[in-house]
Amino acid sequence: MSTTLNPSLRRAQAGTTEPAWVRYSLIGVALTFMFFFLVLPLAAVFTEALRKGFDAYWVALQEPDAWSAIYLTFVTALIAVPLNLVFGVAAAWAIAKYEFTGKAFLTTLVDLPFSVSPVVAGLIYVLMFGAQGWFGPWLQAHDIKIVFAVPGIVLATVFVTFPFIARELIPLMQAQGNDEEQAAIVLGATGWQTFWYVTLPNIKWGLIYGVILCNARAMGEFGAVSVVSGHIRGQTNTMPLHVEILYNEYQSVAAFAVASLLALLALVTLAIKSVVEWRHARELKATAELPQEMPSA
Amino acid sequence: MALFSLARSHKAARVLPGFNITLGFTLTYLSLIVLIPLSALVFKTFTLTWPQFWEAVTGPRVMASYKLTFGASLIAALVNVVFGLLVAWVLVRYNFFGKKVVDALVDLPFALPTAVAGISLTALLAGNGWVGQYLEPWGIQLAFNPNGVVIALIFIGLPFVVRTVQPVLEDAEKELEEAATCLGATRWQTFSRVIFPSIAPALLTGFAMAFARAIGEYGSVIFIAGNMPMVSEITPLIIIGKLEQYDYAGATAVAVVMLVISFVLLLVINALQAWQRRHTGAPA
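Here the protein sequences come in this chain order: A and B.
181 is the number that this note's numbering gives to position 181 of the first sequence; each next residue is one higher, with no gaps.
25 is the number that this note's numbering gives to position 25 of the second sequence; each next residue is one higher, with no gaps.
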């Protein structure tokens, strides 16, 4: 029976897939490409870091300059990510929940920092707060340092990570519509309760997703931060800048040791991101399989 | 301001609270972080006369950097279109061992700091690197010249194409392909006449996003490029170079040119995405 079915079954499948040799060669080419462009660079970071053994790696990571770079990187991310989180939620609420003129233009402006070169992003803050800049004389008179100091680094980081969370949330909240929130308001909930108990649970996966990507970029930003930092060792060096300095001083093991921490961060980011995606997909599937309570109109 | 007043006319119809406060906060924050600093860039260029501006943005070294930046970005984005489509296709259509890991790995260029990618690619492709040592005897040099720029930009741009094409391929209706086969199309005809037209808008969007990102890229490129003036110096590096010589006006002039280009590209990408949504029939 099966022997007679097989040829027709195979012919039916042949319409929507390729012959086995095509499939395997396409998979082969794609995996080879990914091996050379993604796996090898990642592996190279760790092997270069451990080139002179674990002891040298360990010594490189215990340098006080490396520690102050790690510290500054975390402080920067700790300020920039919450700021953009609040902005992302507010912008998504305004854009997704209401209709108003100029909405499309506003959405484009929110995306703008993504397409601005990081170097230009750094430059604009130098032009604002640098010695030659708009507020330069006033800041100097009051002895406040923004550019070539920590506040400038934070500002530049906020700029380059500006759209991450808003961008995740806007399409998500648009797709979910207003029905549940309106029901909550009609039932007497305050605006804050509605957000906290109705909207937030619905957007939590998108929120986590946005925060993770925002954090990865905040900790890894190089170009913009490099323009505003002034590269003062132990003071205004973030981890990526420290990597550059060590690399240019031919301290290859030390440079790759700090880089390996950033690569680990990237791997953790990818892992969390994948888990979030899988859990979100599972939840969507679970709700899709629920029996409908009422036939929709 | 026009946004506010026009917004108010709709107010009566709103049930959900928080419109004024969220939109107000959004506009204030957007102005402080993005719009006012960007306008500083534009105002700074007004300190230059037109001939000065023209000289700053068309000097021979700057022109060479445009050629390199646009040429390398274009090649890298085209390579990414081909391989991005291939990776997306393989991930959506076929099953193989380790697929989930490969899928997660596609986002590595988004997550890996660009400086790390830069030094790592350089270490691989330098004459004594894992890959470079096999290429050197053949006279192929991929690091410290324009080839290196292209390679770094391929790395940076890959996820853009994969991640825009992948969902469209996932949503593609198998029935159409079955119909094509029933009507006697070969598999290649089905791909080129049925599947490809449906993913073309997404592919073009991915191309534009990878291209836009590549033009502004700095961190990964400067390590591998060698940064020789007139040969392997990208435009963002020209800005840094002018800044280091305290030529703020000159740096600003080149930055304005880049800003205008990225703004145009942003509008093009938005238009492409709108086209894509109409094409697939999804709600805007």
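From the three backbone atoms N, C-alpha and C, an ideal C-beta is built for every residue, glycine too.
Small disclaimer: the values here were computed from a predicted structure and weren't measured.
Between residue i and residue j, how many whole angstroms is the CB-CB distance? I'm expecting something under 8 Å.
i: S232(B); j: G241(B); result: Wrong, their Cβ atoms sit about 13 Å apart, outside the cutoff.
i: A44(A); j: S120(B); result: 5 Å
i: T238(A); j: L266(B); result: Not quite, the Cβ-Cβ distance comes to about 27 Å (not below 8 Å), so this is no contact.
i: T114(B); j: G220(A); result: 7 Å
i: V126(A); j: I79(A); result: Not quite, the Cβ-Cβ distance comes to about 20 Å (not below 8 Å), so this is no contact.
i: A234(B); j: T69(B); result: According to the sequence displayed, residue 234(B) carries Ile and not Ala. 5 Å between Cβ atoms; contact.
i: V90(B); j: L26(A); result: 6 Å
i: S117(A); j: G148(B); result: Actually they are not in contact, since the Cβ atoms of S117(A) and G148(B) sit about 19 Å apart, beyond 8 Å.
i: F155(B); j: L213(A); result: With a Cβ gap of about 18 Å, F155(B) and L213(A) do not count as contacting.
i: M34(A); j: L105(B); result: 7 Å
i: A152(A); j: V228(A); result: For the record, residue 152(A) in the displayed sequence is Gly; it is not Ala. Between V228(A) and G152(A) the Cβ distance is about 4 Å, and since that is below 8 Å, they are a contact.
i: L125(B); j: L112(B); result: Not really, about 16 Å apart at Cβ, beyond 8 Å.
i: F87(A); j: Y29(B); result: 5 Å
Determine the chain B residues that contact residue i at a beta-carbon separation under 7 Å, and present them in chain order.
i: T287(A); result: Chain B residues near T287(A): none, gap ~19 Å exceeds 7 Å.
i: R23(A); result: Y94
i: I185(A); result: V15 and L16
i: E18(A); result: R187
What does residue i reach in chain A if we use C-beta pairs closer than 9 Å?
i: Y66(B); result: Residues of chain A passing the Cβ test: none, with the nearest at roughly 13 Å.
i: W130(B); result: L40, A43, A44 and T47
i: P113(B); result: A216, R217, M219, G220, E221, F222, M239, P240, V243, A259, L262, A263, L265 and A266
i: W89(B); result: L26 and A30
i: F25(B); result: V86, F87, A90, A91 and A94
Alpha helix (DSSP H) containing residue i: first to last residue?
i: W205(A); result: L200 to G220
i: F256(A); result: S252 to E289
i: V101(B); result: K99 to L105
i: I195(B); result: Counting along the chain, I195(B) falls outside any alpha helix (DSSP H), and DSSP gives it neither H nor E.
i: L127(A); result: P118 to F129
i: L176(B); result: K174 to C182
i: L106(A); result: K103 to S115
i: F160(B); result: P146 to D171
i: N20(B); result: F19 to L30
i: D65(A); result: P64 to K97
i: N303(A); result: No answer is possible for residue 303(A): it lies beyond the span of chain A, which begins at 1 and ends at 297.
i: P163(A); result: Per DSSP, P163(A) belongs to no alpha helix (DSSP H) and is neither H nor E.
i: P353(B); result: Residue 353(B) lies beyond the stretch modelled for chain B, which goes from 1 to 284, so this question has no answer here.
i: Y134(B); result: G132 to L135
Helix, strand or coil: how does DSSP classify residue i here?
i: L272(B); result: helix
i: K52(A); result: coil
i: M63(B); result: helix
i: K145(A); result: coil
i: N227(B); result: coil
i: Q193(A); result: helix
i: I234(B); result: coil
i: T16(A); result: coil
i: S2(A); result: Low local confidence applies: a pLDDT of 43 at S2(A) is under 50, so the model's placement there is unreliable, and no value is given.
i: G230(A); result: coil
i: L6(B); result: Bear in mind that the predicted position of L6(B) carries a pLDDT of just 45, short of 50, making it unreliable; the figure below should be weighed with that in mind. Here L6(B) sits in helix by DSSP.
i: I140(B); result: coil
i: A185(B); result: coil
i: D179(A); result: helix
i: A284(B); result: For A284(B), the pLDDT reaches just 40, beneath the cut-off of 50, and the residue's location in the model is therefore unreliable, although a value from the coordinates is still provided. It is coil, neither helix nor strand.
i: L16(B); result: coil
i: M1(B); result: Model confidence at M1(B) stands at a pLDDT of 41, short of 50, so the residue's coordinates are unreliable; what they give is reported in the following sentence. In this structure, M1(B) counts as coil in the three-state DSSP scheme.
i: E217(B); result: coil
i: K11(B); result: Legend: pLDDT at K11(B) = 45, less than 50; position of this residue unreliable, value from coordinates given subsequently. Correct three-state label for K11(B): helix.
i: N80(B); result: helix
i: W138(A); result: helix
i: G71(B); result: helix
i: P201(B); result: helix
i: P37(B); result: helix
i: R113(B); result: The residue asked about is misnamed: residue 113(B) is Pro in this sequence, not Arg. In the structure shown, P113(B) sits in coil (DSSP, three-state: anything other than H, G, I, E or B).
i: R278(B); result: helix
i: A297(A); result: Residue confidence is low: A297(A) scores 46 on pLDDT, short of 50, so the model does not pin down where it sits. Its coordinate-derived value is still stated next. Here A297(A) sits in coil by DSSP.
Could you list which residues in chain A have their beta carbon closer than 8 Å to that of residue i, in chain order?
i: V116(B); result: V45, G220, P240, V243, A259, L262, A263 and A266
i: T252(B); result: L123 and L127
i: D107(B); result: L270 and K273
i: A104(B); result: L270, A271, K273 and S274
i: L243(B); result: L123, V126 and V227
Applying a beta-carbon distance threshold of less than 8 Å, which residues of chain B neighbour residue i?
i: E168(A); result: Near E168(A) there are no residues of chain B at all, since even the closest Cβ is about 13 Å away, more than 8 Å.
i: Q182(A); result: V15 and L16
i: Q251(A); result: Result: empty, since nearest Cβ-Cβ is about 12 Å, beyond 8 Å.
Which chain A residues are close to residue i, counting only those with a beta carbon under 7 Å from its beta carbon?
i: P17(B); result: G191
i: M258(B); result: S117 and V120
i: R61(B); result: Residues of chain A passing the Cβ test: none, with the nearest at roughly 16 Å.
i: F83(B); result: F33
For residue i, would you say it is in contact with chain D, using Cβ-to-Cβ distances shorter than 9 Å as the test?
i: S117(A); result: No chain D is present in this structure, whose protein chains are A and B.
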